[in-house]
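Data first, discussion second: the structure below is written as structure tokens.
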Amino acid sequence: MAEIISNVQLSRGIYLMKVRGQFQGKMGQFYMIRAWDKDPVLSRPLSIYSLEENSISFLYQVKGKGTTIFSKLNPKEEIKLVGPYGNGFPLVKGRVALLGGGMGAAPLYLAGQTLKQQKGLEKLDIYLGFQKRAFLKNEFNKIADRLVIDIGGLITERIEVDQYDYILTCGPDAMMQALIRKTEGSKAKVYLSIEKRMACGMGTCLVCTCKSRKGNIKVCKDGPVFRGSDIYDE
Amino acid sequence: MAEIISNVQLSRGIYLMKVRGQFQGKMGQFYMIRAWDKDPVLSRPLSIYSLEENSISFLYQVKGKGTTIFSKLNPKEEIKLVGPYGNGFPLVKGRVALLGGGMGAAPLYLAGQTLKQQKGLEKLDIYLGFQKRAFLKNEFNKIADRLVIDIGGLITERIEVDQYDYILTCGPDAMMQALIRKTEGSKAKVYLSIEKRMACGMGTCLVCTCKSRKGNIKVCKDGPVFRGSDIYDE
Amino acid sequence: MMNKFNDQLRVDFAGVNFKNPIILSSGTAGFGQELNDVYNIELLGGLSTKGLTLRQRSGNVGTRIWETPAGIMNSIGLENPGIRKFIEQELDFLEKIDLVNIVNIGGSTLEDYIETVKIVSELKVDMIELNISCPNLKKGGMSFGIKAKTAAKITREIRKITDLPLVVKLSPQARNISEVALACQGAGADGLSLVNTFKAMAIDIEAKKPVFENIYAGLSGPAIKPIALRMVHEVCQAVEIPVMGVGGISSWQDAVEYIMAGASLVQIGTANFINPRAGLEILKGLNNYFEKNKIESINQIRGII
Amino acid sequence: MMNKFNDQLRVDFAGVNFKNPIILSSGTAGFGQELNDVYNIELLGGLSTKGLTLRQRSGNVGTRIWETPAGIMNSIGLENPGIRKFIEQELDFLEKIDLVNIVNIGGSTLEDYIETVKIVSELKVDMIELNISCPNLKKGGMSFGIKAKTAAKITREIRKITDLPLVVKLSPQARNISEVALACQGAGADGLSLVNTFKAMAIDIEAKKPVFENIYAGLSGPAIKPIALRMVHEVCQAVEIPVMGVGGISSWQDAVEYIMAGASLVQIGTANFINPRAGLEILKGLNNYFEKNKIESINQIRGII
Ligand SMILES: Cc1cc2nc3c(=O)[nH]c(=O)nc-3n(C[C@H](O)[C@H](O)[C@H](O)COP(=O)(O)OP(=O)(O)OC[C@H]3O[C@@H](n4cnc5c(N)ncnc54)[C@H](O)[C@@H]3O)c2cc1C
Ligand SMILES: Cc1cc2nc3c(=O)[nH]c(=O)nc-3n(C[C@H](O)[C@H](O)[C@H](O)COP(=O)(O)OP(=O)(O)OC[C@H]3O[C@@H](n4cnc5c(N)ncnc54)[C@H](O)[C@@H]3O)c2cc1C
Ligand SMILES: Cc1cc2nc3c(=O)[nH]c(=O)nc-3n(C[C@H](O)[C@H](O)[C@H](O)COP(=O)(O)O)c2cc1C
Ligand SMILES: Cc1cc2nc3c(=O)[nH]c(=O)nc-3n(C[C@H](O)[C@H](O)[C@H](O)COP(=O)(O)O)c2cc1C
Ligand code: FES
Ligand code: FES
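Chains as they are written, first to last, in my numbering: chain A, -10 to 223; chain B, -10 to 223; chain C, 1026 to 1330; chain D, 1026 to 1330.
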């Protein structure tokens, strides 16, 4: 049980929730979250948006039953977090781009913060695509060497992939696939964070299995971050 | 859907909840209430405590799942009421006593208010028994010709039944049975409001069936108010 | 016939015309009068009465209701006024209102069923629902619905003595529900309804006793929907006669699932306790769904899975 | 053997000593390592592995999980590394930790089951749970557990080739679960576990398709508890061999209900997804309950209903 510090709507259906406590976690990892007893049965996975000394934050979009309940929580109310789970993004160096589509921005903020502190980072550009309205522009601006925002278009068209050694990405499947196609033949290595319905979040139930070039993988435990080339044809 | 105006704890586990709206109802009737979607399945019956022009109030004790949810509701939050259901207390005259044990006080406040406005009422005495602490003393005092409060003892021992033409009562089974025994041979007529688990609240499901001298009765529809002599041996 | 809803919701079921596929299920709507005080139940397709037996029954003693996660267990034990009092006290109302009235008939012995059906067959009612699936009787009830042979036998006997459209209500405790369904079809049933409640148990660990005097009781409500839907799908694959789907329906989406699984009509039970206007609200949702998707007849979506 | 809980929670089940009656159920705890990172699973009585088959299986395609009121449906389809990879990768850990390890074995054909059991019988494992009740396979799986005859046959064949304690896991789809239970007992099972998931269905009304590729999938979780408990009670009345109760257990009170209904051990499945510490918390609750009520052995309350 942890206490909610704040839970504010940033844009229509998009919320940033801050929870009190000393939590663990690395960029790209997630927590299994619930604010109800036994119905719905499953907790909801949310990526760590940011991690402060005495709090943790999540950026989420209202989709269905669970996230609707989250969106109605008030400060001081309680929430259950279990985690952190998953492998997280690798600590890459050199010229790095983060590319997010919609809610895909969620894990990229902590990724940016973390990489900023890395020795050997040469540049950190952030590309964010939104359908209607941008959010958290200021926050991302603070950590990006260059912040590119696209609204309503295809963010993958705004990036020159050859500029980068690594591209870390998260977002809709179509966006990630487009990126993979675009990096074909380039030296840029892509790491993507993928989403699958989960039950356990820790690798015991095989609900989140995904086919990959290396055979079946568990998104929750082997991922959610994978080399692009393992998931899609590059 | 109705909006909660206030929901205050009067004593440990005892709450008074006021809900906005123009509601119908007579003394002794009840509403089927829920503040959740489909789980738990059943609504909870609560007697009308009082009825004002633009609100209705309920006095309730936290017992289990449903009443715990009620107790956590804040002003402006929503609640669903269906009703009023049940027959309610009869409009009696002459010398009248109201006798309540614990939560049995709930329907008696509206009963007192209503009877006060009756022509032909000669006196209205109110007897309330509590286990540990009295509540709503002032409110009942305003409508009673005489208010007798008992804490920790047996309220039935404090009433002289022959003084009254009618006694309207609500409370634990043992209390109501003791009253019936005490009125044996006296002219005082007893009307009691009884409790049974309910599903529909309106007489369709036969969940609340109770044996009586007149055969099976539905507590929700034929009652919840019955002549004492129909339910217990007088 | 008043009908403020879409005409395309009409269903012909065993020769009987329903305004729409929504039926109030047996035991959850009494004989209609109380719910009709809440809203005009004539808007619905039909109503199945509380299960009636030859003689008045006072039902089971002890706890009659228990809540479970997303469900309820009941042990009413077919309390009912008996068929004669029903005729005296309730039939009038049912004859007057304009929706298909289905008389649900229970019993302990074959003779009782036969006697009751004989009486009902003389009445102005629209349809019989033969309940061979009540789990709350010590004798009879569900035991007729477990095996294909006994289910066929009782259906055959009843078929002989009535010309009313005959629907047999199946038990989820059936050893093989499709076999039982086929047997009833073979024995002359005009339609089927399923499922009745699931035989289930709860224990009061403080008292160290079963919650219910009969030890077992019947589980219903949203909890059972996935299993009941599967059974309806299986039965619809097996039989030719039309099916009424019952079990945990509490939204119009649930109703659409049942129809897509093959049901021609759906019955709303426990949902009436969640919200007394459930029948009407599900009907409204279905009506919107039909309009939005330009569905011209239920057959366009029925059984497409 | 470390045991910070009450000694009086010990259970002898078919000659195997369990520290306490709490077992992690097959398919909901993998092979133990992940949950052991959350808490020390050696505190529990036992663990049943993910169902293993002779060859590696990649499981079902399409949606694998769906939420229902107070339940979930799954269609994993016995994805597993196959018995040999299990031995390579997982057995070591299970051998080292101090709790009863139960190897759950699934399969499509009798030959597969036999081959797998032969291999397992050479290993240092404590018990076999023969899963003849998985509803998510197109071939085999549950179909062995529907009728007494086929259940007896496979049990008999397996009994012949293994000396390991043999528990047969029954299906709630059994035509008559007590008959199947008796048949397994007659064929040499040392114990039974029940139930596996309920065959159930969900339809995606937008896509006009079943949610699951296999059309049906297995329902588990709190929703099924009342039915599963009833089945455990029925089976415990019928057989002499001990029974593990499974189905919707999510609190210590649920566990006590199963024990009072006759179960010697209980398995925790879906509850592990509600709370990964569910096994431990249920154990703690049970421990308190034993202490408060001065219960000296599980037999004092087992089967008292
Ligand atoms: C590792 C990981 C990290 C994530 N991080 C974030 C994050 O930081 N921020 C964020 O906003 N979201 C994140 N998500 C997504 C988030 O978990 C989901 O949006 C959330 O669980 C939806 O829950 P809900 O109860 O609101 O919606 P639900 O009511 O469960 O469903 C929403 C929609 O999905 C459909 N659906 C339901 N079940 C299934 C199923 N089995 N398969 C396919 N579709 C189904 C429903 O029909 C409905 O349309 C993450 C997901 C993963 C796996
Ligand atoms: C007509 C009427 C009017 C009422 N008016 C009031 C009122 O004004 N104020 C007030 O405080 N209360 C009133 N009650 C009582 C109130 O309805 C209950 O206390 C309430 O429903 C309890 O709900 P819960 O969810 O909190 O408790 P639950 O969790 O449902 O149960 C509480 C306790 O009852 C036990 N229980 C559960 N189901 C059953 C069952 N089927 N049979 C027997 N015991 C069971 C549980 O084990 C638990 O110990 C009234 C009842 C009726 C019938
Ligand atoms: C309180 C109650 C009483 C019932 N009585 C009857 C009955 O008399 N006859 C009958 O055929 N079914 C009876 N049923 C079963 C319902 O008609 C229905 O088949 C079952 O509840 C499943 O549907 P549901 O989940 O929508 O409630 C009863 C159910 C409940 C909850
Ligand atoms: C995701 C999942 C996977 C399962 N896999 C298996 C399995 O491999 N073998 C088996 O015998 N049972 C399997 N089961 C069934 C459970 O062991 C258990 O019998 C069932 O879920 C009922 O218990 P519950 O309601 O506590 O979950 C699985 C259940 C779930 C939810
Ligand atoms: S969610 Fe259970 S294995 Fe990934
Ligand atoms: S609660 Fe349904 S008849 Fe009384």
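Glycine included, every Cβ here is placed at the ideal spot set by N, Cα and C.
Every value quoted in this text rests on a predicted model; they were computed, and no experiment measured them.
Residue j beta carbon less than 7 Å from that of residue i
| i | j | result |
| --- | --- | --- |
| Phe19 of chain B | Gly75 of chain B | yes |
| Val1271 of chain D | Val1260 of chain D | no |
| Ile1326 of chain D | Ile1284 of chain D | yes |
| Ala1214 of chain C | Thr1180 of chain C | yes |
| Phe12 of chain A | Ile58 of chain A | no |
| Gly190 of chain A | Met(-10) of chain A | no |
| Phe1169 of chain D | Ile1183 of chain D | no |
| Ala1173 of chain C | Ala1208 of chain C | yes |
| Leu1103 of chain C | Arg1082 of chain C | yes |
| Leu1162 of chain D | Val1193 of chain D | no |
| Ala1280 of chain D | Leu1311 of chain D | yes |
Contact test: residue i Cβ vs ligand 5 heavy atom, cutoff 6 Å
| i | result |
| --- | --- |
| Ala1303 of chain D | no |
| Ala188 of chain A | yes |
Cut-off 7 Å between Cβ atoms - residues of its own chain near residue i, not counting five sequence neighbours on either side
| i | result |
| --- | --- |
| Asp1037 of chain C | none |
| Gly1040 of chain D | Pro1190 |
| Gly1165 of chain D | Gly1132, Ser1133 and Thr1134 |
| Ala188 of chain B | Leu31, Cys194 and Val196 |
| Gln1033 of chain D | Phe1315, Ile1320, Glu1321 and Ser1322 |
| Arg84 of chain B | Glu111, Lys112, Gln152, Tyr153 and Asp154 |
| Ile1142 of chain C | In the sequence as displayed, the identity of residue 1142 of chain C is Val instead of Ile. Ile1130, Ile1153, Ile1183, Ile1186 and Thr1187. |
| Arg1255 of chain C | none |
beta-carbon residue i near ligand 2 non-hydrogen atom, thresh 6 Å
| i | result |
| --- | --- |
| Phe19 of chain B | yes |
| Glu1104 of chain C | no |
| Pro1235 of chain C | no |
| Lys210 of chain B | no |
CB-CB length for residue i against residue j, believed under 8 Å
| i | j | result |
| --- | --- | --- |
| Val1342 of chain D | Met1152 of chain D | The displayed coordinates of chain D run from 1026 to 1330. Any statement about residue 1342 of chain D would go beyond what the structure contains. |
| Ile1108 of chain D | Leu1079 of chain D | 6 Å |
| Phe124 of chain B | Ser32 of chain B | Rounded, the Cβ-Cβ distance is 25 Å, inconsistent with contact. |
Neighbourhood of residue i by C-beta distance below 8 Å, restricted to the same chain and skipping five residues each side
| i | result |
| --- | --- |
| Ala100 of chain B | Met16, Gly17, Phe78, Leu87 and Leu157 |
| Leu1060 of chain C | Leu1049, Ala1054, Ile1066, Asn1297, Pro1301 and Gly1304 |
| Asn(-4) of chain B | Tyr4, Leu5, Met6, Lys7, Phe59, Ser60, Leu62, Asn63 and Pro64 |
| Leu1069 of chain D | Lys1044, Asn1045, Ile1047, Ile1048, Leu1049, Leu1124, Gly1304, Leu1305 and Leu1308 |
| Val137 of chain A | Asp114, Ile115, Tyr116, Leu117, Ile144, Arg147 and Ile148 |
| Asp1062 of chain D | none |
heavy atom of ligand 4 below 6 Å from residue i C-beta
| i | result |
| --- | --- |
| Val1271 of chain D | yes |
| Asn1129 of chain D | yes |
Close beta carbons around residue i, own chain, < 6 Å, minus the five adjacent residues each side
| i | result |
| --- | --- |
| Pro96 of chain A | Gly17, Ser36, Cys159 and Ser182 |
| Val66 of chain B | Inspection of the sequence shows that residue 66 of chain B is occupied by Glu rather than by Val. Once the five neighbours on either side are set aside, the close Cβ partners of Glu66 of chain B are Ile(-7). |
| Gly48 of chain A | Here residue 48 of chain A turns out to be Leu, not Gly, going by the sequence shown. Only Leu5, Tyr38 and Ala95 meet the Cβ criterion. |
| Tyr1138 of chain D | Gly1132 |
| Gly89 of chain B | Leu97, Leu117, Cys159 and Gly160 |
Residue i Cβ short of 6 Å to ligand 1 heavy atom set
| i | result |
| --- | --- |
| Gly93 of chain A | no |
| Pro213 of chain A | yes |
heavy atom of ligand 3 below 6 Å from residue i C-beta
| i | result |
| --- | --- |
| Ile58 of chain A | no |
Next item on the list: Pick out the complete beta strand (DSSP E) segments inside the stretch 33 to 75 of chain B, 3 residues or longer, and give them in chain order.
Entry: With a minimum length of 3 residues, the continuous beta strand (DSSP E) runs that stay inside the stretch 33 to 75 of chain B are 33 to 36, 39 to 41, 44 to 50 and 67 to 74.
Note to self: In chain order, what are the residue ranges of uninterrupted beta strand (DSSP E) at least 3 long that sit wholly in the stretch 1223 to 1306 of chain C?
What the structure shows: Runs of the beta strand (DSSP E) inside the stretch 1223 to 1306 of chain C: 1223 to 1226, 1241 to 1245, 1268 to 1271 and 1290 to 1293.
Exercise for review: Scan the stretch 1080 to 1131 of chain D and note each continuous beta strand (DSSP E) run of 3 residues or more that stays entirely inside, going in chain order.
Suggested key: Here the runs fully enclosed are 1090 to 1093, 1096 to 1099 and 1125 to 1130.
Entirely within the stretch 1188 to 1226 of chain C and at least 4 residues each: give me those alpha helix (DSSP H) ranges in chain order. If one requires a minimum length of 4 residues, the alpha helix (DSSP H) runs lying completely within the stretch 1188 to 1226 of chain C are 1202 to 1211, in chain order.
Curious, which full-length beta strand (DSSP E) runs of at least 3 residues does the stretch 145 to 200 of chain B contain?
Within the stretch 145 to 200 of chain B, the runs of beta strand (DSSP E) at least 3 residues long that lie entirely inside it are, in chain order, 155 to 159 and 178 to 182.
Completely contained beta strand (DSSP E) runs for the stretch 72 to 146 of chain B, where each covers 3 or more residues: Runs of the beta strand (DSSP E) lying entirely within the stretch 72 to 146 of chain B, each at least 3 residues long, are 83 to 90, 110 to 119 and 135 to 140 in chain order.
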